[in-house]
Structures are given as structure tokens and as C-alpha cells.
Amino acid sequence: NAGVTQTPKFQVLKTGQSMTLQCAQDMNHNSMYWYRQDPGMGLRLIYYSASEGTTDKGEVPNGYNVSRLNKREFSLRLESAAPSQTSVYFCASSEGYRSNNEQFFGPGTRLTVL
Amino acid sequence: AQSVTQPDIHITVSEGASLELRCNYSYGATPYLFWYVQSPGQGLQLLLKYFSGDTLVQGIKGFEAEFKRSQSSFNLRKPSVHWSDAAEYFCAVGAGASKIIFGSGTRLSIRP
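For the record, the sequence lines run as chains A and B.
Quick note, my numbering runs 1380 ahead of the 1-based positions in the first sequence.
Quick note, my numbering runs 36 ahead of the 1-based positions in the second sequence.
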């Protein structure tokens, strides 16, 4: 089992460019999440998908969109990248949405926007 | 809504010394409590969790944590740290159907 995989691992964008971060899990989990990690701020939830076919905004959704492509895959899109979106992005999954479910994390994507 | 505070941004301990990382939460009832570890360049891995019952919980890699309701705390401890424990540690709190909230993290350095 690969667990949660993310691509790419690193990316450099220019302001205004767009890109999609890919995430896939092979644990048959129902719920998936996108977080960003910034120094001194911990992990902040961008969007989540409680189950296949649903997506909802988290704490910091502005400037992002998501697609739950199927049960395995959950992508994060930056339509017009801004320097404020320079961050490390983590995808996670859990069996269920209730907060007593352990979340499993991918290795992260380090994004720099110039 | 729940919240979580990790008051120590960075801690350095000598190899073989004991460790305690602090975590305080705010929530009216007993929340779900977690400690995650993030090794350099890696994603987060669950160390241990507390939902109910025995207030001292054991986790992986020799870590333990104690839930203290009166102090709204869930501190992480290890009797003797190893150089491989150098990482960032996150406390997290969840409540019912709401989302898990992560603390800002404590970076642990090990002095040889």
C-alpha cells in the first residue's frame, strides 16, 4: 500500500500561473482533505471532501478550487497563483469525517510562487 | 468551537534526557486529542490519540501523553529522547462531527 501520494513534490510558479496538485489514496477512505502549512501557523484546512461527491470549504479556501474525481483522488487547483500561496501543501485522508478518525498524510508539495 | 495551543515554538534537549511537550486545548466537553509527528521533509504521522478512558495513553516510538481535564492539557512525554526524535510535533483537537484543529507545532532539536 502506498498510502497517500501527492504530485508534484516541488513546484515553482510565476504570479498568475495556474496549476493542479494531485492527491490519491489507496486505503478506501471516504474523506479527504487539503491543508497548507506555513511557519508558525500549523496546518490550516483549505478544503475537504467528507465523502465522494461532496466538497466543502475549510478555514482558508480563497484562491483555491478542488475536485473529488472519484473515491481515490482529490485535486487542488490554483487558478491564478499569488505569492501568498507559497507554502507546503498536504493532502490527507481518513476513513470517516468525524474528528475521531485518524488522518493519514501524504509527503507534501512544496510550492513557491514568484 | 475548539482551539489548541502549543506554547513552545522550539525546544532543544540533550540525547538521553527526558522530554515534555505542552499542549493546551479549549473545549467545553472532552475532545478527541491527538499528537502527530512530522519528520523533516515528510508528512504527519500519528503518534497517539485520546478519546476516553485511561488518561495516560501510550503511543508509538516510546511516547506517551496524559490528559488532564482540570488543566485542559494533553502533554506529550518521552523518558529518554534519541537523535531520531528530532522533528516537529503537532497537537490536534477534534470534537464530534467538527473538523480537527491543529496546533502551531513545536520543533524539537536534539543536542548530541
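Note that the Cβ used here is the ideal one computed from N, Cα and C, for glycine as well.
### Task
May I have a chain-ordered list of the beta strand (DSSP E) segments no shorter than 3 residues that lie completely inside the stretch 1407-1457 of chain A?
1411-1417, 1423-1429, 1444-1448
### Query
What are the residues that DSSP puts in a beta bridge with Ile136/B?
DSSP output for Ile136/B lists no bridge partner at all.
### Task
With a 10 Å radius around its C-beta and 16 neighbouring C-beta atoms as the bar for buried, classify Gln1483/A as buried or exposed.
buried
### Message
On the CB-based measure, 16 or more other CB atoms within 10 Å of its CB, does Ala128/B come out buried or exposed?
### Response
buried
### Message
Quick check: Phe1470/A and Tyr1415/A, are their CB atoms within less than 8 Å of each other?
### Response
By the CB criterion at 8 Å, Phe1470/A and Tyr1415/A fall inside the cutoff.
### Message
Between which two residues does the beta strand (DSSP E) holding Trp71/B run?
### Response
Run containing Trp71/B: 68-74, per the beta strand (DSSP E) assignment.
### Message
Can you give me the C-alpha to C-alpha distance between His1409/A and His46/B, rounded to a whole angstrom?
### Response
34 Å
### Task
Using the Cα positions of Gly98/B and Lys114/B, report the straight-line distance between them to the nearest angstrom.
6 Å
### Query
Is the CB-CB distance between Tyr72/B and Ser39/B below 8 Å?
no
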